[in-house]
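Colleague: The structure is given below, and queries will be raised subsequently.
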Amino acid sequence: MSRMSNYCKPCVYNPKLRTGETACPFTTLYWDFLDRHKESFAKNHRMSQQVFGLNRLSDLPQLKERAQEVLEGLQQGSI
Ligand code: SF4
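Under numbering that gives the first Met the number 0, the first residue of the sequence shown is numbered 0, with each subsequent residue one higher.
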């Protein structure tokens, strides 16, 4: 969203971060979703570049942890 507008500017989250407490939940959940469905997405040539981008993420284990926290926080209403 930050590339298309400045709506993220006053937000408490940082859209450029994938991990950590100030990481944008949408960024974290985007990469988590992509990782969980990478086998399916890899079959679609329009998504292959995004799936390939997963290989560049050195912080994938931390991202998965943060994604779990975000999903739990959403269920509890704390995010
Ligand atoms: S939650 Fe993420 S996408 Fe939404 S305004 Fe904040 S930084 Fe931007």
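For every residue, glycine included, the Cβ atom is placed at its ideal position computed from N, Cα and C.
If you compare alpha carbons, which of Thr18, Val69 and Pro14 is closest to Asp58?
Modeller: Thr18
Colleague: Does DSSP classify Asn85 as helix, strand or coil?
Modeller: Look at the range of the chain in this structure, 0 to 78, and you will see that residue 85 is not part of it.
Colleague: Start and end of the alpha helix (DSSP H) containing Ser4?
Modeller: Counting along the chain, Ser4 falls outside any alpha helix (DSSP H), and DSSP gives it neither H nor E.
Colleague: Is the number of C-beta pairs between the stretch 9 to 29 and the stretch 55 to 73 that are closer than 8 angstroms three or more?
Modeller: A contact between stretches requires three or more CB pairs, one per stretch, nearer than 8 angstroms, and the stretch 9 to 29 meets this requirement with the stretch 55 to 73.
Colleague: According to the neighbour-count rule (16 or more other Cβ atoms, all chains shown, within 10 Å of its Cβ), is Cys10 buried or exposed?
Modeller: Exposed is the call here.
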